[in-house]
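Trainee: Handing you a structure now.
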Amino acid sequence: MGKNWMRLDNAALIFPAISHTRWSNVFRVSATLTEPVDPALLQRAAADLMPRFPSMYVRLKTGVFWHYLEALPAPPQVREDFAFPLTLMQKKELKTCCIRVIYFKNRIAVEFFHSLTDGTGGIIYLKTLTARYLHLKYGADVPAEEGVLDLNEAPLPEELEDSFPRFSNGVALDDRETDALRLRGTREPNFLHLTTGIVPAGALKAAAHRYGVTVTVFLTAVMAESILAYQTERCPERRRRKPVRITVPINLRRIYGSKTLRNFALTLNPGVDPRMGDYDLGELCSVIAAQLNAEATPQRMAGRIAANVNPQNISLIRAVPLPVKSFIMRLIYNRRGESKGCINVSNLGVIRVPEAMAPFVRRMEFIIGTQRSYPNNCSVATFGDETYINMIRNIREPELERRFFSRLVELNVPVAVETNSN
Amino acid sequence: MYCVKCGVRLTDGAAACPLCRTPVRDPDGAEAAPAAPTYPERYPAPPKTRRYPILAFLTALLLAVSLSAMIYCLTNLHAVSWSGYVMLACALVYFALLFPFWFEKREPLIFVPIGFGLTCGYLLYICLYTGGSWFLSFAFPVTMLAGLLTTASVLLFRFGKRRRLLKIGVLLTVIGLSNMLIEFFLCITFDTRMFAWSLYPVCSFSLVGLVLILCCTIPGWRAYLEKKLFL
Ligand SMILES: [Zn+2]
Numbered sequence: 001m002g003k004n005w006m007r008l009d010n011a012a013l014i015f016p017a018i019s020h021t022r023w024s025n026v027f028r029v030s031a032t033l034t035e036p037v038d039p040a041l042l043q044r045a046a047a048d049l050m051p052r053f054p055s056m057y058v059r060l061k062t063g064v065f066w067h068y069l070e071a072l073p074a075p076p077q078v079r080e081d082f083a084f085p086l087t088l089m090q091k092k093e094l095k096t097c098c099i100r101v102i103y104f105k106n107r108i109a110v111e112f113f114h115s116l117t118d119g120t121g122g123i124i125y126l127k128t129l130t131a132r133y134l135h136l137k138y139g140a141d142v143p144a145e146e147g148v149l150d151l152n153e154a155p156l157p158e159e160l161e162d163s164f165p166r167f168s169n170g171v172a173l174d175d176r177e178t179d180a181l182r183l184r185g186t187r188e189p190n191f192l193h194l195t196t197g198i199v200p201a202g203a204l205k206a207a208a209h210r211y212g213v214t215v216t217v218f219l220t221a222v223m224a225e226s227i228l229a230y231q232t233e234r235c236p237e238r239r240r241r242k243p244v245r246i247t248v249p250i251n252l253r254r255i256y257g258s259k260t261l262r263n264f265a266l267t268l269n270p271g272v273d274p275r276m277g278d279y280d281l282g283e284l285c286s287v288i289a290a291q292l293n294a295e296a297t298p299q300r301m302a303g304r305i306a307a308n309v310n311p312q313n314i315s316l317i318r319a320v321p322l323p324v325k326s327f328i329m330r331l332i333y334n335r336r337g338e339s340k341g342c343i344n345v346s347n348l349g350v351i352r353v354p355e356a357m358a359p360f361v362r363r364m365e366f367i368i369g370t371q372r373s374y375p376n377n378c379s380v381a382t383f384g385d386e387t388y389i390n391m392i393r394n395i396r397e398p399e400l401e402r403r404f405f406s407r408l409v410e411l412n413v414p415v416a417v418e419t420n421s422n
Numbered sequence: 423m424y425c426v427k428c429g430v431r432l433t434d435g436a437a438a439c440p441l442c443r444t445p446v447r448d449p450d451g452a453e454a455a456p457a458a459p460t461y462p463e464r465y466p467a468p469p470k471t472r473r474y475p476i477l478a479f480l481t482a483l484l485l486a487v488s489l490s491a492m493i494y495c496l497t498n499l500h501a502v503s504w505s506g507y508v509m510l511a512c513a514l515v516y517f518a519l520l521f522p523f524w525f526e527k528r529e530p531l532i533f534v535p536i537g538f539g540l541t542c543g544y545l546l547y548i549c550l551y552t553g554g555s556w557f558l559s560f561a562f563p564v565t566m567l568a569g570l571l572t573t574a575s576v577l578l579f580r581f582g583k584r585r586r587l588l589k590i591g592v593l594l595t596v597i598g599l600s601n602m603l604i605e606f607f608l609c610i611t612f613d614t615r616m617f618a619w620s621l622y623p624v625c626s627f628s629l630v631g632l633v634l635i636l637c638c639t640i641p642g643w644r645a646y647l648e649k650k651l652f653l
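The following block contains the structure:
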């Protein structure tokens with residue numbers, strides 16, 4: 001790579017502008033091995049990945065007009081886990097390093113500042129890191145397949161590209177949605193509660209198929225049902241109820257076939273308006289499936305990309321000094337960014353690893369943080385026979401978790417729960 | 423072990439269900455060894471606050487300034503003289519700007535009125551010391567007005583974050599109008615001409631304020647502006 005810095009991609013721009021203690025601007029991917037992790041070897045593995053993943057080993061710097069990502073002079077120091085995952089990355093930390101490589105007992109975890117990449121890119125990094133670690137520790141030779149990258153190769157230009165402008169169709173899609181219900185609770189300062197629901201992937205799939213939908217749609221519908229019940233209890237008067245929508249990130253690589261390791265996802269907000277009447281789970285499933293099918297098409301997603309990319313192409317906006325730009329972005333984001341949904345349900349799908357790696361890895365997980373007006377968030381990943389549903393919250397009450405997981409149990413999906421906050 | 427209420431499987435040795443807080447009654451008794459925690463036990467140290475050393479330094483600085491002024495006046499002029507102003511000014515700066523920061527939670531509704539009260543006292547001291555007669559008819563009402571406005575805006579913005587633009591509009595209008603009051607007090611204290619300058623701030627502030635109020639109250643305007651001005 002000729003120059004040692006790069007622009008932020010289109011989706012990444014917002015994260016440095018919005019710094020908020022309620023918003024953990026970080027997500028985590030983790031792999032749990034069969035044996036305790038050796039920190040020294042993990043450090044070596046992290047160093048060995050540096051030339052292959054230039055877009056991950058960066059720190060956030062400030063220019064006059066934009067933030068940019070600068071290559072790290074040395075690989076980050078691996079460290080032991082914190083008492084709770086997804087600790088906010090403060091400005092000071094971002095200036096030195098935007099990635100955390102963490103170990104705890106058998107677990108390797110990587111936390112990314114969200115400007116670097118999204119869950120899909122993060123998992124590719126984690127798989128390659130784990131493969132390298134297994135090679136150093138056990139001499140395992142993991143072939144470069146199933147998302148493990150070849151360390152002897154040079155990074156491909158398309159892995160480092162910002163794919164958003166390439167797939168924009170230039171016509172901004174205008175969708176104004178009314179504000180959705182906002183979940184509330186007693187704020188827990190300086191702590192994120194994590195509840196992991198471990199679910200047999202087969203039973204979950206069978207339950208989804210009973211309703212004729214995919215696992216993502218099924219979980220989204222169960223979440224919507226739980227939130228609808230939550231609202232019904234609090235707001236008996238139907239006319240005053242708010243729309244319940246679930247923010248579902250769509251991996252655009254699947255739609256456009258991009259190979260980028262940077263952010264390339266957009267969110268949709270399927271949901272229902274409870275003022276119109278009650279919905280049962282079957283209806284929720286079909287409504288949400290229909291909404292997602294109608295929106296997650298290459299054509300309409302290109303319009304959504306355009307809505308985000310177009311302002312960035314106006315030279316007058318580009319010329320605005322960064323502090324002013326950040327201020328305005330913050331204003332707009334606070335007004336319209338996050339009020340359209342109640343909670344994220346982010347399904348990374350099935351994480352596959354090369355066969356040579358499988359005997360060493362027990363589980364792989366994906367955890368997203370809370371957001372400004374989302375006190376709860378939910379991320380899902382399937383590894384092997386289990387689906388790991390990670391629900392995180394910055395409030396005290398586990399009410400939504402209780403409703404969601406016990407509803408799954410009712411639907412014949414057995415759930416085992418683990419938490420970090422007993 | 424399963425939770426009897428919500429039916430989820432719990433980690434071994436859990437004392438209660440993490441979802442519904444139902445205590446676990448394990449028929450096997452306490453034989454089941456607790457499972458290893460999935461995250462480290464230690465609670466993260468709260469972020470270090472570096473403001474205490476700075477606060478202590480600034481307090482000492484203010485103390486040193488006021489003490490040296492007093493000592494200078496007492497030894498050279500054999501009277502309190504102007505060191506009274508310096509000392510009271512230091513006290514004012516301390517209580518208005520530094521004192522609240524010693525507290526973890528700064529309650530503006532307490533500290534803002536205290537600050538203005540102290541300012542009032544300071545002005546009274548100057549007025550009495552110089553033998554002026556401007557305190558009751560000018561300094562006192564103007565400080566009280568400023569204090570009232572500041573407290574009102576704190577109240578407005580602390581409770582309820584909705585309709586900020588409307589609140590800003592109302593506040594700007596009130597601030598504009600209060601200029602006229604200030605000029606009135608100036609006028610009766612120092613015999614200046616009424617309406618010499620106050621009309622300019624009144625007009626400009628109220629105009630901006632009224633536009634903001636209109637933008638917030640007339641839905642069409644707001645939608646239009648949002649459509650035209652969004653980035
Ligand atoms: Zn329970």
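Keeping their order, the protein sequence lines are chains H and F. With the first letter of the first sequence counted as 1, position 124 gets the number 124 in this note's numbering; the numbers rise by one all the way through. Counting the second sequence from 1 gives a position; this note's numbering is that position plus 422. Backbone N, C-alpha and C define an ideal beta-carbon position, used for all residues, glycine too.
(1) Please report the distance separating the alpha-carbon of A437/F from that of T460/F.
(2) Could one say the Cβ of P16/H lies closer than 7 Å to chain F's Cβ atoms, at least one of them?
(3) Could you compute how far the alpha carbon of M56/H sits from the alpha carbon of H114/H?
(4) What separation, rounded to the nearest whole angstrom, lies between the Cα atoms of R176/H and K589/F?
(5) Going by beta carbon distance, what residues of the same chain come within less than 7 Å of F562/F, once the five residues before and after it are set aside?
(6) How close, in whole Å, do the beta carbons of L634/F and L577/F come, if the pair is a contact with beta carbons under 8 Å?
(7) Go to F562/F, then tell me how far its alpha helix (DSSP H) extends in each direction, as first and last residue.
(8) Of the residues R262/H, N310/H and L408/H, which one's Cα is nearest the Cα of F433/H?
(9) Please classify A458/F as buried or exposed, where buried requires at least 16 neighbouring CB atoms within 10 angstroms.
(10) Measuring only between beta-carbons, confirm whether L653/F sits less than 7 Å from chain H.
(11) Could you work out which residues of chain F lie near S406/H, taking near to mean beta carbons separated by less than 9 Å?
(12) Name the chain F residues whose beta carbon is nearer than 7 Å to that of P414/H?
(13) 7 Å is my cut-off, CB to CB: does Y516/F come that close to chain H?
(14) Please report the Cβ distance between Y333/H and I18/H, rounded to the nearest whole angstrom; I am assuming they are in contact, meaning their Cβ atoms lie under 8 Å.
(15) Is the shortest distance between the beta-carbon of M1/H and the beta-carbons of chain F less than 7 Å?
(16) Note down, in chain order, all residues in the region 75-97 of chain H with a beta-carbon under 9 Å from any beta-carbon belonging to chain F.
(17) For my contact list, F383/H and I343/H are in at a C-beta cut-off of 8 Å; report their separation, rounded to the angstrom.
(18) Which whole-angstrom value is the C-beta distance of I367/H and R28/H, which I expect to be below 8 Å?
(19) Taking Cβ positions only, does P462/F come closer than 7 Å to chain H?
(20) Taking the beta carbon of E418/H as the centre, do at least 16 other beta carbons fall within 10 Å, making it buried, or is it exposed?
(21) Identify each residue in the region 315-328 of chain H for which the Cβ-Cβ distance to at least one residue of chain F is less than 8 Å, and report them in chain order.
(22) Which value, in whole angstroms, describes the spacing of the CA atoms of N10/H and N310/H?
(23) DSSP has W5/H in a bridge; who is on the other side?
(24) To the nearest angstrom, report how far apart N423/H and A109/H are at their CA atoms.
(25) In three-state terms, what does DSSP make of I640/F?
(26) Can you grab the Cα-Cα spacing for the pair G553/F / F612/F, in whole Å?
(27) Determine the DSSP secondary structure at G157/H, reduced to helix, strand or coil.
(28) Can you tell me whether M357/H is buried or exposed, with buried defined as 16 or more other CB within 10 angstroms of its CB?
(29) Which chain F residues are close to E177/H, counting only those with a beta carbon under 8 Å from its beta carbon?
(30) So the candidates are E399/H, N420/H, L400/H and L348/H; which of them puts its Cα closest to the Cα of G122/H?
(31) Quick check: is the beta carbon of T419/H nearer than 7 Å to any beta carbon in chain F?
(32) Looking only at its own chain, which residues have a Cβ that is under 6 Å from the Cβ of F533/F, when we skip the five neighbours before and after it?
(33) List the residues that DSSP assigns as beta-bridge partners of K61/H.
(34) What did DSSP end up calling F652/F once you bin it into helix, strand or coil?
Mentor: Walking through what the data contain:
(1) 16 Å
(2) No, its Cβ sits nowhere closer than 7 Å to a Cβ of chain F.
(3) The straight-line gap separating the alpha-carbon atoms of M56/H and H114/H is approximately 11 Å.
(4) 26 Å
(5) C542
(6) So it is not a contact: roughly 19 Å between Cβ atoms.
(7) F562 to R580
(8) Nothing can be reported for residue 433/H: it is not among the residues displayed for chain H, which extend from 1 to 422.
(9) exposed
(10) A caution first: L653/F carries a pLDDT of 42, below 50, which makes its placement in the model too unreliable to give a value.
(11) C425, K427, C428, G429, V430, L441 and C442
(12) R431
(13) no
(14) Yes, they are in contact, since the Cβ atoms of Y333/H and I18/H sit about 6 Å apart, within 8 Å.
(15) In this prediction, M1/H scores a pLDDT of 43, lower than 50, which makes its location untrustworthy; the coordinate-derived value is nonetheless stated afterwards. No, no contact with chain F.
(16) When C-beta distances to chain F are compared with 9 Å, the residues of the region 75-97 of chain H below that value are E80, D81, F82, A83, F84, P85, T87 and Q90, in chain order.
(17) Not a contact, Cβ separation roughly 23 Å.
(18) 4 Å
(19) yes
(20) buried
(21) I317 and I328
(22) About 10 Å.
(23) E70/H
(24) The first residue shown for chain H is 1 and the last is 422, placing residue 423/H beyond what the model contains.
(25) coil
(26) 15 Å
(27) In the sequence as displayed, the identity of residue 157/H is Pro instead of Gly. Here DSSP, grouped into helix, strand and coil, assigns P157/H to helix.
(28) buried
(29) Residues of chain F passing the Cβ test: none, with the nearest at roughly 14 Å.
(30) L348/H
(31) At least one CB atom of chain F sits nearer than 7 Å to the CB of T419/H.
(32) P522
(33) Y68/H
(34) Unreliable placement is indicated for F652/F, whose pLDDT of 40 sits below 50; no coordinate value is reported for it.
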